[in-house]
Amino acid sequence: ALGVAIEMEGLPESLLAAMRLRYGPWLHDPGGAGRPLRLAVVEAPFDYFVPPAFASRWETYRVLTDYDGATFRFLSYRLAAWFHVGRREGRVVLARGELDPAPRAMENLLRSAVAWLAIEADGLFLHGASIVRQGACRLFYGPSGAGKSTLAALSREGRVISDDLTLLLRRPDGLVAAGGPFRGTYGEGDPVVGTFPVAGLYRLRKDEKTYVRRGDAGCFADLIANLPWIVDQLPRHPHLFDRARGVVAGVPTYYLHFQKDRNFWPAIDRGPDA
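Quick note: the sequence shown uses this note's numbering, first residue 36, plus one each step.
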(Lines of atoms letter the chains of each structure in order from A; the text may use other names.)
(Lines give C-alpha, C1' and ligand atoms only; values in the text may rest on other atoms or scores of the structure.)
Protein backbone atom coordinates (compact mmCIF):
# COMPACT_ATOMS: atom_id res chain seq x y z
CA ALA A 36 0.00 0.00 0.00
CA LEU A 37 2.92 2.37 0.62
CA GLY A 38 4.52 2.06 -2.81
CA VAL A 39 7.98 2.14 -1.19
CA ALA A 40 9.54 -1.32 -0.86
CA ILE A 41 13.06 -2.73 -1.21
CA GLU A 42 14.17 -6.30 -1.82
CA MET A 43 17.80 -7.44 -1.60
CA GLU A 44 19.21 -10.64 -3.03
CA GLY A 45 22.62 -12.06 -2.16
CA LEU A 46 23.14 -10.64 1.33
CA PRO A 47 25.73 -12.56 3.42
CA GLU A 48 24.01 -14.72 6.02
CA SER A 49 25.35 -12.76 9.00
CA LEU A 50 24.17 -9.48 7.51
CA LEU A 51 20.83 -10.97 6.52
CA ALA A 52 20.17 -11.94 10.14
CA ALA A 53 21.04 -8.44 11.36
CA MET A 54 18.81 -6.83 8.73
CA ARG A 55 15.85 -9.05 9.61
CA LEU A 56 16.22 -8.15 13.27
CA ARG A 57 16.40 -4.43 12.49
CA TYR A 58 13.67 -4.22 9.84
CA GLY A 59 11.45 -7.11 10.89
CA PRO A 60 8.42 -5.02 11.95
CA TRP A 61 8.20 -3.57 8.42
CA LEU A 62 8.56 -6.78 6.42
CA HIS A 63 5.47 -7.36 4.30
CA ASP A 64 4.36 -9.53 1.43
CA PRO A 65 6.18 -7.96 -1.57
CA GLY A 66 2.98 -8.13 -3.57
CA GLY A 67 1.25 -5.85 -1.09
CA ALA A 68 3.73 -2.99 -1.01
CA GLY A 69 3.88 -1.89 -4.64
CA ARG A 70 6.62 -2.76 -7.14
CA PRO A 71 9.79 -3.08 -5.04
CA LEU A 72 13.25 -1.80 -5.78
CA ARG A 73 15.29 -4.97 -6.31
CA LEU A 74 18.95 -4.75 -5.35
CA ALA A 75 21.43 -7.51 -6.17
CA VAL A 76 24.21 -7.62 -3.55
CA VAL A 77 27.69 -9.00 -4.26
CA GLU A 78 30.81 -9.04 -2.07
CA ALA A 79 34.13 -7.47 -3.08
CA PRO A 80 37.41 -9.20 -2.07
CA PHE A 81 39.05 -6.05 -0.66
CA ASP A 82 38.75 -3.45 2.11
CA TYR A 83 36.92 -0.15 1.56
CA PHE A 84 36.10 1.87 -1.52
CA VAL A 85 36.79 5.07 0.43
CA PRO A 86 39.51 4.68 3.11
CA PRO A 87 38.08 5.87 6.45
CA ALA A 88 39.96 8.44 8.47
CA PHE A 89 37.92 8.18 11.68
CA ALA A 90 40.24 5.47 13.04
CA SER A 91 42.77 8.22 13.82
CA ARG A 92 40.61 11.39 13.81
CA TRP A 93 37.00 12.55 13.63
CA GLU A 94 35.40 13.02 10.23
CA THR A 95 31.89 13.45 8.89
CA TYR A 96 30.59 10.20 7.45
CA ARG A 97 31.50 10.43 3.79
CA VAL A 98 29.11 9.48 0.99
CA LEU A 99 29.55 10.49 -2.65
CA THR A 100 26.35 10.62 -4.71
CA ASP A 101 25.16 11.38 -8.21
CA TYR A 102 21.79 11.41 -9.97
CA ASP A 103 21.45 11.76 -13.74
CA GLY A 104 17.67 12.01 -13.85
CA ALA A 105 17.10 8.26 -13.83
CA THR A 106 19.92 6.46 -12.01
CA PHE A 107 21.22 7.24 -8.52
CA ARG A 108 24.81 6.33 -7.67
CA PHE A 109 26.23 5.92 -4.18
CA LEU A 110 29.82 5.43 -2.98
CA SER A 111 30.96 5.23 0.62
CA TYR A 112 33.46 3.36 2.77
CA ARG A 113 32.13 -0.15 2.23
CA LEU A 114 29.49 0.29 -0.42
CA ALA A 115 29.38 1.08 -4.11
CA ALA A 116 25.86 1.01 -5.54
CA TRP A 117 23.54 2.20 -8.25
CA PHE A 118 19.81 1.89 -8.81
CA HIS A 119 17.48 3.01 -11.57
CA VAL A 120 14.54 4.71 -9.89
CA GLY A 121 12.00 4.10 -12.65
CA ARG A 122 12.95 0.50 -13.47
CA ARG A 123 13.27 -0.33 -9.74
CA GLU A 124 16.49 -2.29 -10.12
CA GLY A 125 20.08 -1.86 -9.00
CA ARG A 126 23.29 -3.43 -7.77
CA VAL A 127 25.27 -3.16 -4.54
CA VAL A 128 28.92 -4.12 -4.07
CA LEU A 129 29.89 -4.66 -0.42
CA ALA A 130 33.57 -4.38 0.49
CA ARG A 131 35.19 -5.56 3.71
CA GLY A 132 36.23 -3.35 6.64
CA GLU A 133 35.53 -3.47 10.35
CA LEU A 134 35.62 0.30 10.87
CA ASP A 135 32.28 0.71 9.08
CA PRO A 136 29.90 -2.05 10.28
CA ALA A 137 27.97 -3.60 7.41
CA PRO A 138 24.48 -2.91 8.89
CA ARG A 139 25.32 0.79 9.22
CA ALA A 140 26.70 0.95 5.69
CA MET A 141 23.61 -0.78 4.33
CA GLU A 142 21.25 1.47 6.30
CA ASN A 143 22.75 4.56 4.67
CA LEU A 144 22.08 3.03 1.27
CA LEU A 145 18.53 2.12 2.27
CA ARG A 146 17.91 5.68 3.39
CA SER A 147 18.95 6.97 -0.02
CA ALA A 148 16.75 4.40 -1.73
CA VAL A 149 13.71 5.35 0.37
CA ALA A 150 14.29 9.04 -0.44
CA TRP A 151 14.20 8.44 -4.20
CA LEU A 152 11.39 5.91 -4.10
CA ALA A 153 9.37 8.35 -2.02
CA ILE A 154 9.70 11.31 -4.37
CA GLU A 155 8.93 8.99 -7.30
CA ALA A 156 5.79 7.84 -5.45
CA ASP A 157 4.55 11.40 -4.72
CA GLY A 158 6.17 11.57 -1.30
CA LEU A 159 9.13 12.92 0.64
CA PHE A 160 11.69 11.51 3.07
CA LEU A 161 12.03 14.34 5.57
CA HIS A 162 14.85 14.94 8.04
CA GLY A 163 12.47 15.62 10.88
CA ALA A 164 10.95 14.30 14.08
CA SER A 165 7.44 12.89 13.92
CA ILE A 166 4.94 12.28 16.71
CA VAL A 167 1.50 10.66 16.44
CA ARG A 168 -1.01 12.08 18.89
CA GLN A 169 -4.81 11.75 18.92
CA GLY A 170 -4.71 9.87 15.63
CA ALA A 171 -2.75 12.49 13.68
CA CYS A 172 0.95 13.10 13.06
CA ARG A 173 2.90 16.32 13.40
CA LEU A 174 6.31 16.82 11.82
CA PHE A 175 9.05 18.93 13.43
CA TYR A 176 12.04 19.85 11.29
CA GLY A 177 15.06 22.08 11.05
CA PRO A 178 18.83 21.81 10.58
CA SER A 179 21.03 19.76 12.89
CA GLY A 180 20.85 21.31 16.34
CA ALA A 181 17.34 22.74 15.84
CA GLY A 182 15.97 20.47 18.57
CA LYS A 183 14.36 17.48 16.84
CA SER A 184 15.76 14.89 19.25
CA THR A 185 15.19 17.20 22.21
CA LEU A 186 11.54 17.69 21.25
CA ALA A 187 10.95 13.96 20.77
CA ALA A 188 12.46 13.25 24.18
CA LEU A 189 10.31 16.00 25.76
CA SER A 190 7.05 14.61 24.47
CA ARG A 191 5.01 12.79 27.10
CA GLU A 192 1.99 12.41 24.85
CA GLY A 193 1.47 10.32 21.74
CA ARG A 194 3.98 8.01 20.07
CA VAL A 195 7.25 9.06 18.47
CA ILE A 196 7.79 7.62 15.00
CA SER A 197 11.30 9.06 14.72
CA ASP A 198 13.50 11.90 15.89
CA ASP A 199 15.46 11.82 12.63
CA LEU A 200 13.79 10.70 9.38
CA THR A 201 10.12 10.34 8.41
CA LEU A 202 8.50 9.04 5.23
CA LEU A 203 5.65 11.22 3.92
CA LEU A 204 3.30 10.09 1.15
CA ARG A 205 0.53 11.95 -0.67
CA ARG A 206 -2.72 10.00 -0.76
CA PRO A 207 -6.10 10.91 -2.33
CA ASP A 208 -7.39 12.05 1.07
CA GLY A 209 -4.24 13.98 2.03
CA LEU A 210 -0.68 13.65 3.28
CA VAL A 211 0.22 10.74 5.56
CA ALA A 212 3.31 9.88 7.61
CA ALA A 213 4.44 6.26 7.66
CA GLY A 214 6.02 4.47 10.58
CA GLY A 215 9.47 3.19 9.67
CA PRO A 216 12.76 1.81 10.98
CA PHE A 217 14.79 5.03 10.77
CA ARG A 218 14.12 6.18 14.33
CA GLY A 219 17.38 8.05 14.91
CA THR A 220 18.49 8.15 18.53
CA TYR A 221 14.97 7.62 19.89
CA GLY A 222 14.57 4.18 21.43
CA GLU A 223 11.57 4.45 23.75
CA GLY A 224 8.47 2.37 23.23
CA ASP A 225 7.62 -0.07 20.48
CA PRO A 226 8.34 0.80 16.84
CA VAL A 227 5.42 2.57 15.19
CA VAL A 228 3.88 0.75 12.22
CA GLY A 229 1.13 2.15 10.00
CA THR A 230 0.19 5.44 8.35
CA PHE A 231 -1.21 8.56 9.98
CA PRO A 232 -2.72 11.79 8.56
CA VAL A 233 -0.39 14.77 8.85
CA ALA A 234 -1.93 17.64 10.82
CA GLY A 235 0.92 20.12 10.45
CA LEU A 236 4.56 20.82 9.61
CA TYR A 237 6.51 22.78 12.23
CA ARG A 238 9.83 24.54 11.68
CA LEU A 239 11.60 24.43 15.05
CA ARG A 240 13.05 27.46 16.81
CA LYS A 241 14.69 27.23 20.23
CA ASP A 242 13.48 30.14 22.35
CA GLU A 243 12.86 31.41 25.88
CA LYS A 244 9.11 31.11 25.29
CA THR A 245 6.97 28.31 23.89
CA TYR A 246 4.45 29.35 21.24
CA VAL A 247 3.33 28.72 17.67
CA ARG A 248 3.24 31.26 14.87
CA ARG A 249 2.07 30.95 11.29
CA GLY A 250 4.51 29.71 8.70
CA ASP A 251 5.74 31.55 5.63
CA ALA A 252 7.75 30.85 2.47
CA GLY A 253 10.79 30.26 4.63
CA CYS A 254 9.13 27.14 6.07
CA PHE A 255 9.05 25.53 2.64
CA ALA A 256 12.62 26.61 1.87
CA ASP A 257 13.79 25.02 5.11
CA LEU A 258 11.77 21.90 4.39
CA ILE A 259 13.52 21.54 1.03
CA ALA A 260 16.86 21.88 2.80
CA ASN A 261 15.87 18.90 4.97
CA LEU A 262 15.40 16.37 2.17
CA PRO A 263 18.57 14.25 2.42
CA TRP A 264 19.85 12.61 -0.78
CA ILE A 265 17.52 14.84 -2.81
CA VAL A 266 18.60 18.36 -1.88
CA ASP A 267 22.11 17.96 -3.31
CA GLN A 268 20.66 17.11 -6.72
CA LEU A 269 18.21 20.03 -6.92
CA PRO A 270 20.52 22.45 -8.80
CA ARG A 271 20.62 20.02 -11.74
CA HIS A 272 17.01 18.84 -11.40
CA PRO A 273 14.92 21.88 -10.35
CA HIS A 274 11.64 20.17 -11.31
CA LEU A 275 11.95 18.33 -8.00
CA PHE A 276 11.11 21.63 -6.24
CA ASP A 277 7.66 21.60 -7.83
CA ARG A 278 7.20 17.94 -7.04
CA ALA A 279 8.02 18.53 -3.38
CA ARG A 280 5.68 21.53 -3.27
CA GLY A 281 2.87 19.38 -4.61
CA VAL A 282 3.45 16.74 -1.94
CA VAL A 283 2.94 19.17 0.95
CA ALA A 284 0.31 21.38 -0.75
CA GLY A 285 -2.55 22.17 1.60
CA VAL A 286 -0.75 21.03 4.76
CA PRO A 287 -0.49 23.92 7.27
CA THR A 288 3.02 25.07 8.17
CA TYR A 289 4.06 26.79 11.38
CA TYR A 290 7.01 27.87 13.44
CA LEU A 291 7.22 26.22 16.83
CA HIS A 292 9.24 28.25 19.32
CA PHE A 293 9.97 26.10 22.33
CA GLN A 294 11.81 26.01 25.61
CA LYS A 295 13.81 23.02 26.70
CA ASP A 296 12.08 21.03 29.47
CA ARG A 297 8.72 22.65 28.73
CA ASN A 298 5.62 20.81 27.49
CA PHE A 299 5.02 22.13 23.96
CA TRP A 300 1.68 20.42 23.29
CA PRO A 301 -0.49 23.12 24.93
CA ALA A 302 1.05 25.69 22.54
CA ILE A 303 0.27 23.46 19.57
CA ASP A 304 -3.30 22.96 20.78
CA ARG A 305 -3.77 26.71 21.20
CA GLY A 306 -2.45 27.35 17.72
CA PRO A 307 -0.98 30.49 16.17
CA ASP A 308 -3.86 32.85 16.99
CA ALA A 309 -3.63 32.50 20.76
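Glycine included, each C-beta is placed from N, C-alpha and C at the ideal position.
Separation of residue j from residue i, as counted between CA atoms
i, j, result
"A153", "P263", "12 Å"
"A148", "F118", "8 Å"
"R168", "I303", "11 Å"
"F81", "F109", "18 Å"
"P65", "I166", "Note that P65 scores a pLDDT of 46, beneath 50, so its modelled location is shaky and nothing firm can be said."
"L186", "G193", "12 Å"
"G219", "D308", "33 Å"
When the options are compared against residue i, the one with the closest alpha-carbon
i, options, result
"L239", "K295, A188, F107 and G177", "G177"
"G45", "E192, A79 and T245", "A79"
"A181", "K241, F231, I166 and R146", "K241"
"L56", "V39, E133, E142 and P71", "E142"
"V39", "L204, S165 and V127", "L204"
"R131", "P307, H274, A156 and L50", "L50"
"P138", "P47, R122 and P232", "P47"
"A116", "A164, L145 and G104", "L145"
"G250", "V282, K244 and Y289", "Y289"
"L62", "D198, C172 and P216", "P216"
Boundaries of the alpha helix (DSSP H) in which residue i is found, first to last residue
i, result
"G253", "A252 to A260"
"E48", "E48 to Y58"
"H119", "That residue, H119, is in no alpha helix (DSSP H); its beta strand (DSSP E) goes L114 to H119."
"F276", "H274 to V283"
Terminal residues of the beta strand (DSSP E) in which residue i lies
i, result
"Y290", "T288 to F293"
Whether residue i touches residue j by CB criterion (8 Å)
i, j, result
"L291", "V247", "yes"
"G125", "L72", "yes"
"Y102", "Q268", "yes"
"M318", "V76", "One cannot answer for residue 318 here, as it falls past the ends of the chain, which runs 36 to 309."
"P273", "G235", "no"
"G214", "P226", "yes"
"D199", "V282", "no"
query = Can you list, in chain order, the stretches of the beta strand (DSSP E) that have 3 or more residues and sit fully within the stretch 146-230?
reply = 158-168, 171-176, 194-197, 200-206 and 209-213
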